[in-house]
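To keep things clear, I will list the structure first and then write my remarks on it.
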Amino acid sequence: MQAVGKLSKYIKPYILFAIIAPIMMIVEVSMDLLQPTILQHIIDDGIAENDTVFILRSFGLMIITSLIGLIGGIGCSIYASRTAVNFSTDLRHDLYETITYFSNSSKDKFTLGKLVTNLTSDIEMLQRALTMLLKIFVRGPMMFIGAIVIVFITARELFPILMVVVPILAFCMYYFTALSGKLFHKVQLVVDVVNTKVQENLAGIRVIKAYNRKNHQIDQFTDINTQLMKRSMSADQIIGVLAPLTMFVVNMGIVAALWMGAIKVDNNTLQVGVILAFINYLMMVMQGLMSSSMVLVQLARAVPSAERIVEVLEEKIEFTNPSVPESHKIQGSVSFENVSFSYLKGTESVLKNISFHVNAGETVGILGMTGSGKSTLVKMIPRLFDVDSGVIKIDGIPIGQYGLEHLRQSIGFAPQKATLFSKTIAENLQYGKSEATEQQILQALQASNAREFVDRLEAGTEHVLTQGATNLSGGQRQRLAMARAFIRKPNILVLDDVTSAVDSISEKAIQQAIDEQFAGATKFIVSSKISSVRHANQILLMDDGKIIAKGTHEQLLKTSELYNEMAKTQAEKGVTLSE
Ligand SMILES: Nc1ncnc2c1ncn2[C@@H]1O[C@H](COP(=O)(O)OP(=O)(O)OP(=O)(O)O)[C@@H](O)[C@H]1O
Numbered sequence: 001m002q003a004v005g006k007l008s009k010y011i012k013p014y015i016l017f018a019i020i021a022p023i024m025m026i027v028e029v030s031m032d033l034l035q036p037t038i039l040q041h042i043i044d045d046g047i048a049e050n051d052t053v054f055i056l057r058s059f060g061l062m063i064i065t066s067l068i069g070l071i072g073g074i075g076c077s078i079y080a081s082r083t084a085v086n087f088s089t090d091l092r093h094d095l096y097e098t099i100t101y102f103s104n105s106s107k108d109k110f111t112l113g114k115l116v117t118n119l120t121s122d123i124e125m126l127q128r129a130l131t132m133l134l135k136i137f138v139r140g141p142m143m144f145i146g147a148i149v150i151v152f153i154t155a156r157e158l159f160p161i162l163m164v165v166v167p168i169l170a171f172c173m174y175y176f177t178a179l180s181g182k183l184f185h186k187v188q189l190v191v192d193v194v195n196t197k198v199q200e201n202l203a204g205i206r207v208i209k210a211y212n213r214k215n216h217q218i219d220q221f222t223d224i225n226t227q228l229m230k231r232s233m234s235a236d237q238i239i240g241v242l243a244p245l246t247m248f249v250v251n252m253g254i255v256a257a258l259w260m261g262a263i264k265v266d267n268n269t270l271q272v273g274v275i276l277a278f279i280n281y282l283m284m285v286m287q288g289l290m291s292s293s294m295v296l297v298q299l300a301r302a303v304p305s306a307e308r309i310v311e312v313l314e315e316k317i318e319f320t321n322p323s324v325p326e327s328h329k330i331q332g333s334v335s336f337e338n339v340s341f342s343y344l345k346g347t348e349s350v351l352k353n354i355s356f357h358v359n360a361g362e363t364v365g366i367l368g369m370t371g372s373g374k375s376t377l378v379k380m381i382p383r384l385f386d387v388d389s390g391v392i393k394i395d396g397i398p399i400g401q402y403g404l405e406h407l408r409q410s411i412g413f414a415p416q417k418a419t420l421f422s423k424t425i426a427e428n429l430q431y432g433k434s435e436a437t438e439q440q441i442l443q444a445l446q447a448s449n450a451r452e453f454v455d456r457l458e459a460g461t462e463h464v465l466t467q468g469a470t471n472l473s474g475g476q477r478q479r480l481a482m483a484r485a486f487i488r489k490p491n492i493l494v495l496d497d498v499t500s501a502v503d504s505i506s507e508k509a510i511q512q513a514i515d516e517q518f519a520g521a522t523k524f525i526v527s528s529k530i531s532s533v534r535h536a537n538q539i540l541l542m543d544d545g546k547i548i549a550k551g552t553h554e555q556l557l558k559t560s561e562l563y564n565e566m567a568k569t570q571a572e573k574g575v576t577l578s579e
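Here the sequence shown is numbered in UniProt numbering, starting from 1 and rising by one per residue.
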């Protein structure tokens, strides 16, 4: 419930709408409550006394009260919807913004499926709960209490029936509401799993097909789907039982009213109209209780959603900006001083006491076996992760002292996995530099050896990529991702194994372009191929999170056994080591 309180600030800008809605509802319910009493007087005073004028006047009153009730009802719906839709739009915006600023470890913690559920069904759930709250929360209790009070005043002879029926109805509502709340919470947990599974399977559909795992994946999905079906079914059935059960109790109440009423009418101690009005009020008591319980069910379902949303909104943004950020133009000398890092706090470090220094404009090759920590090392430079201990300095200043945007603006980062967006090639490159001109785009494509294949596309740089850029080859994707890093002409260029899918002729052309166009930039080139880093000013050889040797190609050939072994194996496999 605390979470609901925390989200209430999103209602504040629309507080006027949120106040008008229930007021309009009070108008509607008041008019509804008047109707049976007017009816009672039509029967007992108009029809019984043959007073036509009174009957016509009462009909007029009924029409006027109905019209006022109608206006109240419509007004309430409009203002309740306005409040709830605005509330959910603002909340969705903030949630999306928070997720955008998530650190990588936060993204790993909340799975993609869960975040999608937060942005869609959780918010939808809150929106629905708020609409119901504003529309029905007043209606239910007011109708319930109002009907009981009126029966007590105008039909006290039949009041004992209410004293029996109401507690039974209240117990049924309480029991089923509590039970269904628990069941819907379980449903929501399975919805999360379904979303995550769908996301994963669709993203990996090609792998699934290639490995003939379609049936296995379908079976797995069917299992979760069946689980969801069973849980949803039991939750829905519980709610489904409630309506006929309460109707049965009310019908028993009506039978009792007719029976008691008939005896009293026979004894001339009660008028017929009172029985009719009582039956109407009994229905209203049921409706009041029913709608109150529906709101409670909806609220019970919304509370876990609110908790999940608040959990995301309150996730600590690990990368804090310094209050007075360093803003001098970054030249590009980089040093790591005893840097250690682990993805999960308390587990074995992935980087262990890493120390090295590189002058501005130099090239560092980072070489090592798979899983040795190469990508992790370069991800520390634009602060995609923060160090556990030690310090990383750029131009002699700890990177934490730079404004995050300024720091990242100075770095061209091409990650190992070439992530591209379902937009045109030009728009993808503009992620690197939003104001890039056509000329600059073409230059960047030229440097990454992508110009040739882009020119062959009918729409050129306006060619639209599919989701995940599946309409390009792996090497083409890598070249575009590189062009995106090149286009900002950064002072620090990080290329994380970006030529693994590029042929050796293209790789050579790219290396040449980098040497020519980024002569002044500090370059980090991650690779498992010696040929990609052999000309670097220094090569860091990594193994199990440590730098086990560093130096130039020639120095390492003399000093490192592992380097020699790699050179030998790669030469045997035909990986070019020579010019
Ligand atoms: N997001 C993550 N969460 C937890 N562990 C991770 C994460 N990313 C990488 N690791 C682990 O950190 C270690 C180093 O991974 P890293 O990607 O830095 O290696 P690498 O040398 O770049 O490997 P490769 O050459 O295969 O790309 C590995 O043991 C890996 O399992």
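Heads up, the beta-carbon is just placed ideally off N, CA and C, and yes, glycines get one too.
Fair warning: this is a prediction, and the values are worked out from it, not measured in the lab.
Answer with buried or exposed for residue i, where buried requires no fewer than 16 other C-beta atoms within 10 angstroms of its C-beta.
i           : result
H216        : exposed
N564        : exposed
I392        : buried
R456        : exposed
V339        : buried
S410        : buried
residue 668 : The question about residue 668 has no answer here: the residues shown for the chain are numbered 1 through 579.
A302        : buried
T117        : buried
For residue i, which residues in the same chain have their Cβ closer than 8 Å to its Cβ, ignoring the five residues on either side in sequence?
i    : result
R92  : L119, I123
S372 : M542, D543, D544, G545
Q127 : A84, V85, F87, S88
Q467 : S422
V502 : N449, G475, Q478, R479, I510
L557 : Y563, N564, A567
Do you know offhand how far residue i's Cα is from residue j's?
i           : j    : result
residue 581 : M229 : Since the displayed the chain opens at 1 and closes at 579, residue 581 lies outside it and no answer follows.
S528        : D497 : 7 Å
M380        : D386 : 6 Å
V358        : L540 : 11 Å
L313        : L7   : 10 Å
Q446        : K114 : 40 Å
F341        : Q512 : 34 Å
N267        : I19  : 49 Å
S578        : Y211 : Per-residue confidence for S578 stands at a pLDDT of 41, beneath the threshold of 50, marking its modelled position as unreliable; the derived number appears in the next sentence. Distance between the alpha carbons of S578 and Y211 is about 38 Å.
A521        : S106 : 31 Å
F54         : G46  : 6 Å
Y10         : F87  : 6 Å
N280        : S121 : 38 Å
T576        : I399 : Legend: pLDDT at T576 = 48, less than 50; position of this residue unreliable, no value from coordinates given.
F152        : T65  : 22 Å
F159        : G253 : 11 Å
V198        : M31  : 50 Å
I492        : A235 : 57 Å
D90         : Y14  : 11 Å
G288        : I150 : 14 Å
Q570        : S532 : 12 Å
Hey, residue i and residue j are a contact pair by Cβ (cut 8 Å); roughly how many whole angstroms apart?
i    : j    : result
V166 : V85  : The pair is not a contact, with the Cβ atoms about 36 Å apart (cut-off 8 Å).
M247 : I161 : That belief does not hold up - the Cβ atoms of M247 and I161 are roughly 16 Å apart, past 8 Å.
A300 : A3   : Not really, about 13 Å apart at Cβ, beyond 8 Å.
L367 : I530 : 7 Å
S292 : F144 : 7 Å
DSSP on residue i, reduced to helix/strand/coil?
i    : result
A203 : helix
G361 : coil
A48  : coil
V494 : strand
A483 : helix
Y343 : coil
P398 : strand
L384 : coil
N118 : helix
G390 : strand
D544 : coil
S560 : coil
Leaving out five residues before and five after residue i in sequence, what residues of the same chain have Cβ atoms less than 6 Å from its Cβ?
i    : result
T111 : T196
N537 : E362, T363
Q298 : A129, M132
A21  : C76, Y79, A80, L134
Which same chain residues, not among the five before or five after residue i, have their C-beta less than 7 Å away from its C-beta?
i    : result
Q227 : V190
P304 : H185, Q188
Q517 : A447
Exercise answer, beta-carbon shell around ligand 3 heavy atoms below 5 Å: Absence of ligand 3 is noted for the structure shown, with ligand 1 being the only ligands found.
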